[in-house]
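> Quick one: the structure is below, and I'll ask about it shortly.
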Amino acid sequence: MAGESGSREQWGSRAGFILAAIGSAVGLGNMWRFSYLTNEGGGAAFLVLYLLLVAAVGVPVMLAELVIGRGSGRSPIGALAHYGGDRWRPLGALFLASGFLILSYYSVIAGWTLRYAVSALGGFSADSGAYFEQVATGPASVAWHLLFMTLTVGIVVGGVNRGIERVSIVLMPLLFVIICGIAVYAATLPGAGSGYAFYLDIHLEKVFDWQVLNHAAGQAFFSLSLGMGAMLTYASYLSEDENLPNESVIIAAADFAVAFVAGLAVFPLLFALGLQHEVGASSLGALFITLPTAFHEMGGAGRVVGLLFFVALAVGALTSAISLLEVVVSTAIDQLGWSRSRAAIVLGAACALLGIPSALDLGVLGFMDQLAGTLFLVFGGLMLSIFVGWVMPDPVAEARQGAEGVPWFFAWRWLLRSVVPVLLLVVLWQSLRALFG
Ligand code: TRP
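By numbering that gives the first Met the number 0, the letter at position 189 of the sequence shown is numbered 188, and the numbering carries on one by one without gaps.
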């Protein structure tokens with residue numbers, strides 16, 4: 000098996016790994032959901048809460064995944080069994096299920112972004128609501144979903160080094176430049192100031208709501224690609240001299256930065272065109288209806304900005320989708336001895352089929368997002384923190400490899416043992432209640 004024979008694939012460079020991991024983290028979750036939640040959750044007060052959660056929960060769980068992945072050099076099921084015995088295999092299986100389910104609907108939304116990017120060339124429709132209806136349902140939605148899955152499979156077939164790494168090195172800098180460029184442009188628009196105020200004005204009372212804590216924690220997990228072994232799998236292609244604590248901070252910081260800047264781009268755009276009253280409906284609607292309305296009303300500039308915006312979204316979605324597929328592909332290679340191309344094609348096709356109900360029905364899509372995108376991830380994160388905090392023999396020794404000078408291992412282990420599980424239990428309880436009444 001590839002995992003044991005020493006022939007496991009490896010990243011070509013440190014930058015390659017970091018950009019691929021940031022590529023996994025930065026995706027649809029950053030470009031819209033984050034700014035939407037910030038506005039709903041109390042503006043700058045929410046930002047502080049979110050950053051605290053990223054520091055106290057996100058970074059520790061990320062480091063936990065990186066440590067298990069690199070230390071074992073295996074995909075999730077094998078990695079958990081390596082440190083915890085066969086009893087832990089079911090958790091690995093849950094990770095695969097989460098990845099599979101998330102990718103199935105994520106690809107549907109990603110397909111819409113592709114379609115919007117292409118249609119931006121001809122100008123956005125005057126009736127964005129009707130256009131969205133047409134894009135998001137029926138055969139068109141299925142077709143763009145299948146196209147997006149095909150792209151994803153194509154990259155994963157290329158392998159860790161020549162597929163995932165190469166694509167991330169080219170696309171991630173492009174995404175940063177586009178998002179920053181749009182934010183700078185948006186700052187020049189009249190009304191930008193009230194856009195920022197809407198985004199960031201402090202509403203302290205909102206932060207002390209359980210629902211907000213819940214959303215912030217769920218968002219942190221989804222946005223950082225945690226709780227289902229994606230970071231674990233990427234780390235399994237690393238060598239022992241990589242400084243994992245540093246990398247986990249870099250990845251989390253970059254993910255936050257993109258989310259924050261995307262908000263700086265989006266709200267001024269909406270305010271400049273007087274669309275602030277249409278933000279409220281739903282986060283998907285705002286992204287695919289309100290923003291395209293803004294682009295339509297901006298005329299020629301709107302075509303360019305809109306094209307760039309949806310290209311950035313599609314790029315973010317693509318580098319995230321490949322990490323989701325890589326988890327199952329890597330497992331099929333390790334556990335079943337499949338070839339990479341067979342694994343990518345067979346599993347990609349299965350996932351594409353599984354996504355069809357989401358492509359036809361927004362209700363199904365929303366349910367999948369609640370179930371896999373929130374519940375499974377939070378549960379996965381809870382189990383991971385218990386695993387590394389209490390079960391794995393000596394996680395600090397593994398984390399210390401390549402990171403001798405880092406002073407916060409003690410705090411890391413302590414957080415994983417106490418704060419993280421308790422907080423995630425609360426969040427899990429809350430999301431169960433939200434999902435099943
Ligand atoms: N992080 C991505 C986003 O923000 C989505 C994603 C990719 C993901 N891989 C993941 C979420 C693994 C959870 C787990 O859009």
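Here a beta-carbon is modelled for each residue, glycine too, at the ideal position from N, C-alpha and C. In this text, all values refer to a predicted model and were calculated from it rather than measured experimentally.
What residue does the alpha helix (DSSP H) around threonine 112 start on, and which one ends it?
It spans 88-119 - the alpha helix (DSSP H) in which threonine 112 sits, taken as one unbroken run.
> For glutamine 210, which three-state DSSP category applies?
The answer is helix: DSSP assigns glutamine 210 an H, G or I state.
> For glutamate 397, is the classification buried or exposed, using 16 other Cβ atoms within 10 angstroms of its Cβ as the cut-off for buried?
So glutamate 397 counts as buried.
> Can you give me the Cβ contacts of phenylalanine 94 inside the same chain, cut-off strictly under 7 Å, excluding the 5 residues immediately before and after it?
These residues qualify, in order along the chain: Pro75, Met227, Gly228, Val326 and Gly379.
> Quick check: the Cα distance between valine 395 and valine 405, rounded to an integer number of angstroms?
Distance between the alpha carbons of valine 395 and valine 405 is about 11 Å.
> So the alpha helix (DSSP H) leucine 174 belongs to, where does it begin and stop?
Run containing leucine 174: 165-186, per the alpha helix (DSSP H) assignment.
> Assign arginine 432 to buried or exposed, taking buried as 16 or more other Cβ atoms, counted over all protein chains shown, within 10 Å of its Cβ.
Exposed: under 16 other Cβ atoms inside 10 Å.
> Tell me, please, whether the region 161-175 touches the region 10-18 by the rule of three or more beta-carbon pairs shorter than 8 Å.
Yes, since at least three Cβ pairs between the region 161-175 and the region 10-18 fall closer than 8 Å, the two stretches touch.
> From the DSSP output, in three-state form, read off glutamine 400 for me.
If DSSP states are grouped into helix, strand and coil, glutamine 400 belongs with coil.
> Would you mind sorting threonine 187 into buried or exposed? The rule is 16 or more other CB atoms within 10 Å of its CB.
So threonine 187 counts as exposed.
> For valine 304, name the three-state secondary structure that DSSP assigns.
DSSP places valine 304 in helix when its eight states are reduced to three.
> If we ignore side chains and look at the alpha-carbon of each, how far apart do serine 329 and threonine 318 end up?
Straight-line Cα distance between these residues: approximately 16 Å.
> Could you give the distance in angstroms between the alpha-carbon of valine 117 and the alpha-carbon of alanine 252?
So the two alpha carbons sit approximately 31 Å from each other.
> Would you list, in sequence order, the uninterrupted beta strand (DSSP E) runs of no fewer than 3 residues that lie entirely inside the region 352-427?
None, since the region 352-427 contains no complete beta strand (DSSP E) of that length.
> How many whole angstroms separate the CB atoms of serine 247 and leucine 376, which I take to be in contact at a CB cut-off of 8 Å?
That belief does not hold up - the Cβ atoms of serine 247 and leucine 376 are roughly 17 Å apart, past 8 Å.
> Going along the chain, which residues of its own chain have a beta-carbon closer than 8 Å to the beta-carbon of asparagine 242, five neighbours each way excluded?
Excluding sequence neighbours, asparagine 242 sits near Gly401, Ala402 and Val405.
> Got a sec? Which residues, its chain only, sit under 8 Å from phenylalanine 435 by beta carbon, not counting five neighbours each side?
Closer than 8 Å at the Cβ level, and outside the excluded window around phenylalanine 435, lies no residue.
> Using 8 Å for Cβ pairs, my map puts leucine 415 next to valine 387. What's the rounded Cβ distance?
So it is a contact: roughly 5 Å between Cβ atoms.
> For ligand 1, I want to know if glycine 262 counts as a neighbour, meaning its beta carbon is within less than 8 Å of at least one of the ligand's heavy atoms.
It does not: the Cβ of glycine 262 is nowhere closer than 8 Å to a heavy atom of ligand 1.
> Apart from the five residues just before and just after aspartate 200, which ones in its own chain have a Cβ nearer than 6 Å to its Cβ?
Excluding sequence neighbours, aspartate 200 sits near Gly42.
> Anything with a beta carbon under 6 Å from a heavy atom of ligand 1 counts; list them all in chain order.
That query returns the following residues: Ser23, Ala24, Gly26, Leu27, Gly28, Asn29, Ile101, Phe221, Ser222, Ser224, Met227, Ala229, Ser319, Ser322, Leu323 and Leu376.
> Beta carbon of histidine 144, beta carbon of alanine 96: below 9 Å?
In this structure, alanine 96 does not lie closer than 9 Å to histidine 144 by Cβ.
> On a CA-only basis, which of Tyr35, Ala139, Val265 and Ala129 is nearest isoleucine 178? Give me that one, please.
Closest by alpha carbon: Val265.
> So the candidates are Leu324, Arg302 and Phe259; which of them puts its Cα closest to the Cα of leucine 50?
Out of Leu324, Arg302 and Phe259, Phe259 has the C-alpha closest to the C-alpha of leucine 50.
> Is the separation between the beta-carbon of leucine 352 and that of leucine 100 shorter than 9 Å?
Contact flag unset, no.
> Under 8 Å, with one C-beta from each stretch per pair, do the region 124-133 and the region 306-317 reach the 3-pair mark?
No: the two stretches stay apart, fewer than three of their Cβ pairs being nearer than 8 Å.
> Going by beta-carbon coordinates alone, are valine 426 and alanine 216 separated by less than 9 Å?
Cβ distance < 9 Å, so valine 426 and alanine 216 count as in contact.
> Should leucine 170 be flagged as near chain B, meaning a C-beta pair shorter than 9 Å?
Reference to chain B is not applicable here, since this structure consists of a single protein chain.
> Quick one: grab the DSSP three-state call for phenylalanine 123.
Coil, per DSSP.
> Going by the CB atoms, is the gap between proline 172 and leucine 18 shorter than 9 Å?
A contact, by the Cβ cut-off of 9 Å.
> Tell whether a beta-carbon distance below 9 Å holds between alanine 63 and leucine 383.
Going by C-beta atoms, alanine 63 is nearer than 9 Å to leucine 383.
> Can you give me the C-alpha to C-alpha distance between proline 420 and leucine 381, rounded to a whole angstrom?
Rounded to the nearest angstrom, the two C-alpha atoms are 5 Å apart.
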